[in-house]
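Student: Chains as they are written, first to last, in my numbering: chain C, 0 to 439; chain B, 5 to 298. The structure is given below, and queries will be raised subsequently.
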Amino acid sequence: MNKIAFFLSAGLTCLSLSVPAMAATKIQWWHAMGGENGAKLEQIAKGFNASQSDYEIVPVFKGNYDETLTGAIAAFRANQQPAIVQVYEVGTGTMMAAQGAIYPVYELMKDEGEPWDQNKFIAPVVGYYSDTSGNVLSLPFNSSTPILYYNKDVFKKAGLDPETPPKTWAEVEAFSRTIIKSGAAKCGFTSGWISWIQTENLNALHDKPYSTKANGFGGLDAEFTFNNDLTIRHWGNLKKWQDEGLFKFGGPVGGDNAPPMFYSQECAMYMNSSAGRAGVINNAKAFKVGFAPLPYYDDVIKQPLNSIIGGATLWTLKGRPEEEYKGVAKFYTYLQKPEVQADWHQFSGYLPITEAAYKLSQEQGYYEKNPGADVGIKQLTRVTPTENSKGIRFGNYVQVRGIIDDEFAALLGGKKTAKEAVDSVVARGNQQLRDFEAAN
Amino acid sequence: MQTKRTVFPNKVLPYLLIAPQLLITVVFFLWPAATAFWQSFLRQDAFGFKTNFVWFQNYRRLFADPLYMDAFGHTLVFAVSVTVLSTMIALTLAAAAMRVLRTSRIYSTLLIWPYAVAPAIAGILWWFMFNPSIGIVAYTLRSMGISWNHLINPDNAMVLIVIAATWKQISYNFLFFLAALQSVPRSLQEAGAIDGAGPVKRFWTIVFPLISPTTFYLVVINIVYAMFDTFGIVHATTQGGPARATEILVYKVYFDGFIGLNLGSSAAQSVILMVIVVALTAVQFRFVERRVQY
């Protein structure tokens with residue numbers, strides 16, 4: 000074969016190979032999953048792309064949740080938006096208010112003739128993302144809930160039973176004291192997400208209202224009311240425990256410093272998202288990890304309610320060519336498949352968001368092989384959610400979370416008492432709610 | 005100054021020649037500046053569906069907001085600390101480099117390296133070293149009995165960003181000081197030495213006045229650097245925390261605009277910053293030209 004013929008045939012082969020790929024409609028999916036979860040997410044997209052040839056989902060990593068949300072909004076304003084964007088739970092209020100920009104998932108599925116049954120989802124997940132008439136607006140994808148991780152080896156060294164995690168805050172305190180006194184670890188416990196875990200979930204677990212208007216589900220004119228005795232007492236305790244060395248602050252927002260303190264066995268217990276499970280297991284090679292529900296105050300409530308969720312959902316943005324939406328709907332159907340969901344759940348530690356995926360994981364024997372992997376889902380579904388434990392929904396809530404971190408740092412720094420700090424969060428937070436109400 | 009006036013007959017060519025520069029100024033400065041100015045009078049939802057014209061409400065809100073006033077305070081403390089520290093340290097190093105210059109150029113090359121580091125990387129570097137859980141400096145400080153936790157201690161956090169910002173700027177200042185010192189005629193110093201002045205006296209009475217234009221230029225540049233160019237450092241080390249104690253003005257623009265999605269307020273803040281830059285530039289031109297001794 001002479002050279003020219005070789006190159007010609009090679010060129011023709013390339014062309015013929017690229018033809019079907021070019022025919023597929025490309026659909027942009029902006030997401031905020033880095034690291035191991037990001038790689039898994041790309042696998043999921045590949046799985047869908049391989050399952051059919053008309054559409055190609057193109058996942059694009061856009062940084063953390065804040066960056067992804069603001070990036071998508073900026074893109075929308077410039078008319079360059081992706082069809083799908085992953086938005087975290089605190090951005091829900093912002094997205095819901097943007098009625099001209101979003102294509103609610105229930106409408107999309109109906110318009111495109113794809114099957115849609117929102118009763119398939121686990122109740123606390125679906126409740127978080129529904130409008131006032133109960134329609135789900137965004138597709139639940141990665142939901143998580145906070146749990147307690149603890150170091151079984153340290154428990155044993157301190158003379159505690161490694162199979163008995165603390166149930167109440169009084170036990171967390173007592174166990175921490177024992178651990179430090181025995182020299183098994185330098186610190187009792189740390190926590191990621193002061194806002195999500197030690198404020199929002201605290202109130203939900205104890206059946207306390209977070210705000211008026213059904214935690215914000217009832218309208219934009221809600222006002223925060225979580226400056227109650229419980230929050231003030233708990234924040235006061237955290238400050239007291241910090242001063243005693245029982246508790247160590249893991250930093251603002253997600254608390255970047257909390258995981259290393261747990262991994263390095265500096266702190267014996269650690270509260271964070273169930274989605275941190277993969278990371279915890281990978282980093283805790285030197286010790287055994289236990290998983291437990293979040294602690295509560297047994298003098299406030301006999302039986303704690305369900306925790307509330309975090310994580311993100313997939314929002315569909317308007318203004319893309321018609322054929323892309325067909326593909327989006329097909330992709331959403333694919334994402335809801337029990338196999339896909341169960342795989343994602345088992346890999347990442349995010350919750351199985353459909354009953355079918357939970358059941359499939361049970362049938363596969365996943366929870367027997369991985370004891371503790373179902374702590375989150377059990378905690379989430381242990382009671383029927385009340386108005387106080389259904390979740391929260393506020394505009395400008397990203398800023399409010401920032402305010403919670405600010406005031407919590409002021410408390411720990413000794414600048415404010417617990418009551419002053421919590422009252423200040425509520426006052427400043429309400430200002431944010433009024434701003435959002437005025438702008439929308 | 006003697007001037008030779010040259011008259012170019014072509015009326016169009018000069019405009020054509022400066023057109024590219026003008027175009028860049030319009031596209032990258034005037035247009036965004038005008039947009040910011042316009043947006044500072046608006047209140048918008050994040051997606052831009054509803055826009056209200058609210059006159060000066062964004063500005064009024066800002067000046068009524070104690071947090072904004074605090075941000076001014078932090079910026080002042082930060083900019084003054086960084087400017088004083090980085091010029092003083094750079095001057096000391098440059099004076100020292102003058103003594104060894106003929107034997108070793110490695111010394112000055114090494115000093116220039118930090119300037120090549122991106123602000124965010126510099127921030128992360130210091131964040132690692134001072135991290136209360138994993139940082140080596142925090143560990144050393146603790147073993148010396150000094151508690152360090154910039155996550156809850158506002159003063160620690162301020163010290164951290166000052167160190168990071170200063171470290172990065174020293175190289176730049178060093179280069180300018182070294183060049184200035186090299187241009188001071190040796191004969192003047194030798195004359196001073198013959199008259200019996202010691203090295204310290206010679207430095208402050210002969211050398212320092214001669215390099216005062218450079219010093220003044222660097223002071224202005226450093227203030228501008230600390231106020232506007234340190235976003236990456238703050239973002240990577242403290243993110244404005246704890247309790248917004250290290251939130252300098254530029255960081256607040258970003259936080260309110262990009263995280264908070266409050267575009268009106270963010271635009272108003274940018275306009276205020278623009279006014280500050282214009283004022284600083286005006287001061288520099290006026291004083292460098294007239295007041296500084298050559």
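For each residue, glycine too, the CB sits at the ideal point set by N, CA and C. Nothing here was measured: the structure is a model prediction, and the numbers come from that model.
Provide the residue(s) that pair with V86 (chain C) in DSSP beta bridges, ordered along the chain.
Tutor: Numbered from its first residue, the first sequence carries residue 86 (chain C) at position 87. Its beta-bridge partners are C:T312.
Student: Identify whether D434 (chain C) lies in helix, strand or coil by the three-state DSSP scheme.
Tutor: For the purposes of this step, residue 434 (chain C) is taken as residue 435 along the first sequence, with counting starting at 1. Looking at D434 (chain C) - three-state DSSP - the assignment turns out to be helix.
Student: According to DSSP, which residues form a beta bridge with F120 (chain C)?
Tutor: As a position in the first sequence, residue 120 (chain C) is number 121, starting the count at 1. Answer is C:T353, bridged to F120 (chain C).
Student: If I'm right that L46 (chain B) touches N56 (chain B) with Cβ under 8 Å, what's the distance once you round it to whole angstroms?
Tutor: Sequence index remark: in the second sequence, residue 46 (chain B) carries index 42 (1-based). Sequence index remark: in the second sequence, residue 56 (chain B) carries index 52 (1-based). Right, the Cβ-Cβ distance comes to about 7 Å (below 8 Å), so this counts as a contact.
Student: Residues of the segment 53 to 86 of chain C in Cβ contact with chain B at a cutoff of 7 Å, in chain order, please.
Tutor: D65, T69, I72, F75, R76
Student: Would you list, in sequence order, the uninterrupted alpha helix (DSSP H) runs of no fewer than 4 residues that lie entirely inside the segment 263 to 287 of chain C?
Tutor: 276 to 282
Student: Excluding five sequence neighbours on each side, which residues of the same chain lie with their C-beta closer than 6 Å to the C-beta of S194 (chain C)?
Tutor: Here the question's residue 194 (chain C) lines up with position 195 in the first sequence. Excluding positions up to five away in sequence, the list reads R400, I403.
Student: Does the Cβ of G202 (chain B) have 16 or more other Cβ atoms within 10 Å, making it buried, or fewer, making it exposed?
Tutor: Counting from 1 along the second sequence, the entry for residue 202 (chain B) is found at position 198. It counts as exposed.
Student: What first and last residue would you give for the beta strand (DSSP E) that runs through K151 (chain C)?
Tutor: Translated into the one-based positions of the first sequence, residue 151 (chain C) becomes position 152. No beta strand (DSSP E) holds K151 (chain C); the alpha helix (DSSP H) holding it covers 151 to 156.
Student: Please list the residues of the segment 33 to 63 of chain B that have a C-beta atom closer than 9 Å to any C-beta atom in chain C, keeping them in chain order.
Tutor: R47, Q48, D49, A50, F51, G52, F53, K54, N56
Student: Residues of chain C with CB under 8 Å from A272 (chain B), in chain order?
Tutor: Position 268 of the second sequence, counted from the start, is the residue given in the question as residue 272 (chain B). What A272 (chain B) touches in chain C: nothing, since even the nearest Cβ is about 14 Å away.
Student: What residues from chain C crowd round R248 (chain B), counting only those whose CB sits closer than 7 Å?
Tutor: The residue given as residue 248 (chain B) occupies position 244 in the second sequence. Under the 7 Å cutoff, chain C gives D405.
Student: Spatial neighbours of A20 (chain C) within its chain, please: C-beta separation below 8 Å, excluding the five flanking residues on both sides.
Tutor: Here residue 20 (chain C) is taken as the residue at index 21 of the first sequence, counted from 1. Confidence at A20 (chain C) is low in this model, with a pLDDT of 47, below 50, so its placement is unreliable and the value that follows should be read with caution. E55.
Student: I'd like to know if S216 (chain B) contacts chain C, where contact means its C-beta is closer than 8 Å to some C-beta of that chain.
Tutor: Translated into positions along the second sequence, residue 216 (chain B) becomes position 212. Not closer than 8 Å to any Cβ of chain C, the Cβ of S216 (chain B) fails to qualify, so no.
Student: Starting from Q27 (chain C), follow the beta strand (DSSP E) in both directions and report where the run begins and ends.
Tutor: The count along the first sequence starts at 1 and reaches residue 27 (chain C) at position 28. Note, Q27 (chain C): beta strand (DSSP E), 24 to 30.
Student: Tell me which residues of the segment 225 to 253 of chain C have at least one Cβ-Cβ distance to chain B shorter than 9 Å, keeping chain order.
Tutor: Q241, K247, F248, G249, G250, P251, V252
Student: For the beta strand (DSSP E) that contains T218 (chain B), what are its first and last residues?
Tutor: In the second sequence, the residue the question calls residue 218 (chain B) occupies position 214. No beta strand (DSSP E) holds T218 (chain B); the alpha helix (DSSP H) holding it covers 216 to 232.
Student: Mind listing the chain B neighbours of V421 (chain C)? Cutoff is C-beta to C-beta under 8 Å, in chain order.
Tutor: As a first step, residue 421 (chain C) is located in the first sequence; it is residue number 422 there, counting from the start. Per Cβ cutoff of 8 Å: no residues; V421 (chain C) is ~14 Å from chain B at best.
Student: Indicate whether at least one CB of chain B lies closer than 8 Å to the CB of A44 (chain C).
Tutor: Within the first sequence, numbered from 1, the residue matching residue 44 (chain C) stands at position 45. No, A44 (chain C) lies away from the interface with chain B (no Cβ there is under 8 Å from its Cβ).
Student: Give me, in chain order, the residues of the same chain whose beta-carbon lies closer than 8 Å to that of D233 (chain B); leave out the 5 immediate sequence neighbours on both sides.
Tutor: Taking the first residue of the second sequence as 1, we reach residue 233 (chain B) at position 229. P123, listed in sequence order.
Student: Is N200 (chain C) buried or exposed, if buried means 16 or more other CB atoms sit within 10 Å of its CB?
Tutor: Counting from one through the first sequence, the residue named residue 200 (chain C) turns up at place 201. Classification for N200 (chain C): buried.
Student: By alpha-carbon positions, which one of B:F289, B:G261, B:A247, B:N177 ends up nearest to A73 (chain C)?
Tutor: Working through the first sequence from its first residue, we reach residue 73 (chain C) at position 74. A73 (chain C) has its Cα closest to that of B:G261, out of B:F289, B:G261, B:A247, B:N177.
Student: Are I146 (chain C) and L304 (chain C) touching if we call contact CB-CB under 8 Å?
Tutor: As a position in the first sequence, residue 146 (chain C) is number 147, starting the count at 1. As a position in the first sequence, residue 304 (chain C) is number 305, starting the count at 1. No.
Student: Between the segment 133 to 158 of chain B and chain C, which residues of the former have a C-beta closer than 9 Å to a C-beta of the latter?
Tutor: Residues of the segment 133 to 158 of chain B with a C-beta less than 9 Å from any C-beta of chain C: N135, P136, S137, I138, N153, L155, I156, N157, P158, listed in chain order.
Student: At least one CB of chain C closer than 8 Å to the CB of W165 (chain B): is that the case?
Tutor: On the second sequence, position 161 is the one that residue 165 (chain B) refers to. Per the sequence presented here, residue 165 (chain B) reads as Ile, with Trp not at that position. No - not a single Cβ of chain C is within 8 Å of the one on I165 (chain B).
Student: Could you confirm whether any beta carbon from chain C is found closer than 8 Å to the beta carbon of L265 (chain B)?
Tutor: On the second sequence, position 261 is the one that residue 265 (chain B) refers to. Closer than 8 Å to some Cβ of chain C, the Cβ of L265 (chain B) qualifies, so yes.
Student: Quick one: which residues of the segment 386 to 398 of chain C get their C-beta closer than 8 Å to a C-beta of chain B? List them in chain order.
Tutor: N395, V397, Q398
Student: Quick one: using the 10 Å Cβ neighbour count with 16 as the cut-off for buried, is L192 (chain B) buried or exposed?
Tutor: As a first step, residue 192 (chain B) must be located in the second sequence, where it is residue number 188. When all chains shown are included, L192 (chain B) counts as exposed.
Student: Compare the beta carbon distance of K287 (chain C) and K151 (chain C) with 8 Å and say whether it is the shorter of the two.
Tutor: The residue you call residue 287 (chain C) lines up with position 288 of the first sequence. The residue you call residue 151 (chain C) lines up with position 152 of the first sequence. Taking 8 Å as the Cβ cut-off, K287 (chain C) and K151 (chain C) qualify as a contacting pair.
Student: Measuring only the C-alpha atoms, how far is N157 (chain B) from I300 (chain C)?
Tutor: Within the second sequence, numbered from 1, the residue matching residue 157 (chain B) stands at position 153. Within the first sequence, numbered from 1, the residue matching residue 300 (chain C) stands at position 301. Rounded to the nearest angstrom, the two C-alpha atoms are 35 Å apart.
Student: For Y209 (chain C) and F225 (chain C), I'd like the C-alpha separation in whole angstroms.
Tutor: One-based indexing of the first sequence puts residue 209 (chain C) at position 210. One-based indexing of the first sequence puts residue 225 (chain C) at position 226. Approximately 5 Å, taken between the alpha carbons.
Student: Could you give the residue range of the alpha helix (DSSP H) that holds K247 (chain C)?
Tutor: Against the first sequence, residue 247 (chain C) aligns to sequence position 248. Counting along the chain, K247 (chain C) falls outside any alpha helix (DSSP H), though it belongs to the beta strand (DSSP E) covering 246 to 248.
Student: Interface residues of chain B around L411 (chain C) at Cβ under 7 Å?
Tutor: For the purposes of this step, residue 411 (chain C) is identified with residue 412 of the first sequence, where counting begins at 1. Per Cβ cutoff of 7 Å: I156.
Student: So what does DSSP say about T12 (chain C), is it helix, strand or coil?
Tutor: Here residue 12 (chain C) refers to the residue found at position 13 when the first sequence is read from its first residue. Reliability fails at T12 (chain C), whose pLDDT of 47 lies under 50, so the model's placement of it is uncertain and the value that follows must be treated cautiously. The answer is helix: DSSP assigns T12 (chain C) an H, G or I state.
Student: From the DSSP output, which residues share a beta bridge with P258 (chain C)?
Tutor: Indexing the first sequence from 1 puts residue 258 (chain C) at position 259. Paired residues: none, contrary to the question.
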